[in-house]
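S.K.: With the working numbering as the guide, the letters of the sequence shown map in order to residues -18 to 374.
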Amino acid sequence: MKQKEEQSELYALAEAHPLTIVANSPGMVFQYIECENGGHSIPFVSDQCLNVLGIKVDKLKADPSLLLDLVLPEDRESLRRSKAHSAASLTVWNWEGRLWIESYGDVKWISLRASPRRERGVGVIWEGIIINVTQSKRRETELKESHKRLKEVSAHVMAAVEHERIRIAQEIHDDLGGNLTAIKIDLDWLGRHIGSDGGNPELPAKIRTVSQMVDRTMHSIQRISRDLRPGIMDFGIAAAIEWEAGEFAKRLGIPCEISCAQQDIELKPDAAVAVFRIFQEALTNIIKHAQASHVWVRLNAIQEQNTRYLVLEVRDDGNGITPADYSKFNSFGIRGMVERAGLLEGKLTVSGQRGQGRKGTTVHLSIPLAAGEDNSTTAGSSAARSKAAQPKA
């Protein structure tokens, strides 16, 4: 009972001092009428009119068209559409746009929100508020620019890393590989001459041991060079994905079934490398977390409306994943994949379930193909047919 009395007092206070409430509002309160005969009027405008629009109250009430005149030409059509929709459906009139305020000599952003009602013999009546949102729009623009610059920096860093990988791989292959090959030749020469001249019987065994060590080092160099920059990348993204899946199957003993409708999907070098690194990270996550017994990979170029997309999907039958798993602060692998996809103007999603049984996880990547890319043919190669990269016995 006491609460109802307090509410009644508050309502009475509000009704007794409506102009005080309006005067203290953060924006310009107004009433706008679109008459049935096509005319329009603004019977009421709060004193904030001068601060928000740079126009005196009496002047705006005398000439309501001044409000539309303030709107920048490129924003006027959206204002008309939003008002017409609100009038037809009697839903909230909600609009944001730019005004040229002559007294400030500057462009201001405003947010308009008003509730409509229809009265017979009058027309549609809106009561609402207009708020200056210039500062928040500027902060939003600055934030977008900041994100854009960070994205450009991230793209530059990733490109620099890949170029450095290529340089290091070439130096390892050419320099260290060449030196080890020379050492191998000299060891073979020593082995032949020591064997024919006699001498210490332990020397041939020692030479064979060193020669074997050189062989192992050369294999390590080849493996490191491939990890840094797989030579198969020169044959296209489809061939690179197929090769990496085969290597995965051989190392882990997990069948990896590949489906690629187009063998010759052309990508720009940086985009191809990014897709390949995303695929590598997806396989790495399967190794670390999935405990899967089978993996399926689908690579395709599809047409959606007027845009062609490259689609890469990696699916396993492992433990599955939950939103909490890939939302963890230290989920850098998934974040890295999402970041690479974003730099390509694409989208990457990770989905799955966890519970009884093996639910599995699916990584889905979709990136738009730029003009000139994806001059693909549906060639009947081994990759164009659905095949399984079975582990070697």
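Don't be surprised by glycine CBs; every beta carbon is placed ideally from N, CA and C.
#1: To the nearest angstrom, how far is it from the Cα of N266 to the Cα of G314?
#2: Identify the continuous beta strand (DSSP E) that holds G109 and give its terminal residues.
#3: Grab me the residues of A242's own chain with a C-beta within less than 6 Å of its C-beta, minus the 5 sequence neighbours each way, in chain order.
#4: Look at the alpha carbon of H174 and the alpha carbon of Q203, and state the distance between them as a whole number of angstroms.
#5: Going by DSSP, what residues sit across from S96 in a beta bridge?
#6: Could you check the C-alpha separation between L184 and L171 for me, to the nearest Å?
#7: Thinking just about the alpha-carbon of each residue, which of V344, C16, S274, I348 is nearest to the one in E100?
#8: Please classify K392: does DSSP put it in a helix, a strand, or coil?
#9: Is the beta carbon of I268 sitting closer than 8 Å to the one on L293?
#10: Would you call the stretch 82 to 96 in contact with the stretch 23 to 39, where contact means no fewer than 3 C-beta pairs closer than 8 Å?
#11: Take R103 and list the residues in its own chain whose beta-carbon comes closer than 6 Å to its own, dropping the five residues that flank it on each side.
#12: Apart from the five residues on each side of it in sequence, which residues of its chain come closer than 7 Å, Cβ to Cβ, to G353?
#13: Taking 8 Å as the threshold (C-beta atoms), are D298 and H275 in contact?
#14: With H, G and I counted as helix, E and B as strand and the rest as coil, what does DSSP make of Q151?
#15: Mapping DSSP to helix, strand and coil, what is R210?
#16: Along the chain, where does the alpha helix (DSSP H) that runs through N266 open and close?
#17: Determine the DSSP secondary structure at G20, reduced to helix, strand or coil.
#18: Could you please give the first and the last residue of the uninterrupted beta strand (DSSP E) stretch that includes E285?
#19: Could you check where the alpha helix (DSSP H) with E225 kicks off and where it finishes?
#20: Sorted by chain position, which residues of the same chain lie with C-beta nearer than 7 Å to A221's C-beta, five sequence neighbours on each side aside?
#21: Going by C-alpha to C-alpha distance, which of Q116, S67, D306 sits closest to K89?
#22: Among the candidates S206, I188, A255, C237, whose CA atom is the shortest distance from the CA of I218?
#23: Near I164, which residues of its chain fall below 6 Å by C-beta distance, leaving aside the five closest residues on each side in sequence?
#24: Apart from the five residues just before and just after P7, which ones in its own chain have a Cβ nearer than 7 Å to its Cβ?
#25: Leaving aside the five residues before and after S59 along the sequence, list all residues of the same chain whose C-beta is less than 8 Å from its C-beta, in chain order.
#26: State the Cα-Cα distance for the pair E108 and H128, rounded to the nearest angstrom.
#27: Where does R101 sit, in a helix, a strand or coil, going by DSSP?
#28: Per DSSP, what are the beta-bridge partners of V52 in this structure?
#29: Does any heavy atom of the ligand GTP sit closer than 7 Å to the C-beta of L184?
#30: For S332, collect the residues of the same chain with a Cβ closer than 8 Å to its Cβ; drop the 5 residues on either side in sequence, then sort them by chain order.
#31: Under 8 Å between the Cβ atoms of T288 and P250?
#32: Quick one: what's got a C-beta closer than 7 Å to E262's C-beta in the same chain, skipping five residues either side?
#33: Can you tell me where the beta strand (DSSP E) holding L293 begins and where it ends?
#34: Helix, strand or coil for P185, going by three-state DSSP, please let me know.
#35: Under DSSP, the beta strand (DSSP E) around I239 begins and ends at which residues?
#36: Check whether the Cβ atoms of L41 and V26 lie closer than 8 Å to each other.
M.R.: Reading off the structure:
#1: 8 Å
#2: 104 to 113
#3: N281
#4: H174 and Q203: Cα-Cα distance of roughly 30 Å.
#5: DSSP output for S96 lists E108 as bridge partner(s).
#6: 9 Å
#7: C16
#8: Not covered by the structure: residue 392. The range shown for the chain is -18 to 374.
#9: no
#10: yes
#11: Checking the sequence shown, residue 103 turns out to be Val, not Arg. Counting only Cβ-Cβ distances below 6 Å, and skipping sequence neighbours, we find nothing.
#12: For G353, the pLDDT reaches just 49, beneath the cut-off of 50, and the residue's location in the model is therefore unreliable, leaving the point undetermined.
#13: Yes, the pair counts as a contact, with Cβ atoms nearer than the cut-off.
#14: helix
#15: coil
#16: Under the DSSP assignment, N266 falls in the alpha helix (DSSP H) whose first and last residues are 250 to 266.
#17: Secondary structure at G20: coil, using DSSP grouped into helix, strand and coil.
#18: It spans 276 to 285 - the beta strand (DSSP E) in which E285 sits, taken as one unbroken run.
#19: Looking at the DSSP string, the run of the alpha helix (DSSP H) that includes E225 is 218 to 233.
#20: P211, I213, M214, F257
#21: Closest option to K89, Cα to Cα, is Q116.
#22: A255
#23: V195.
#24: I112
#25: W76, G78
#26: 38 Å
#27: coil
#28: The secondary-structure analysis by DSSP pairs V52 across a beta bridge with L80.
#29: Looking at this structure, you won't find the ligand GTP or any other ligand, since it has none at all.
#30: If we look at S332 and ignore the five residues flanking it on each side, its Cβ neighbours are I302, T342, T343, H345.
#31: no
#32: G314, G317, M318
#33: 288 to 297
#34: helix
#35: Its beta strand (DSSP E) spans residues 237 to 241.
#36: yes
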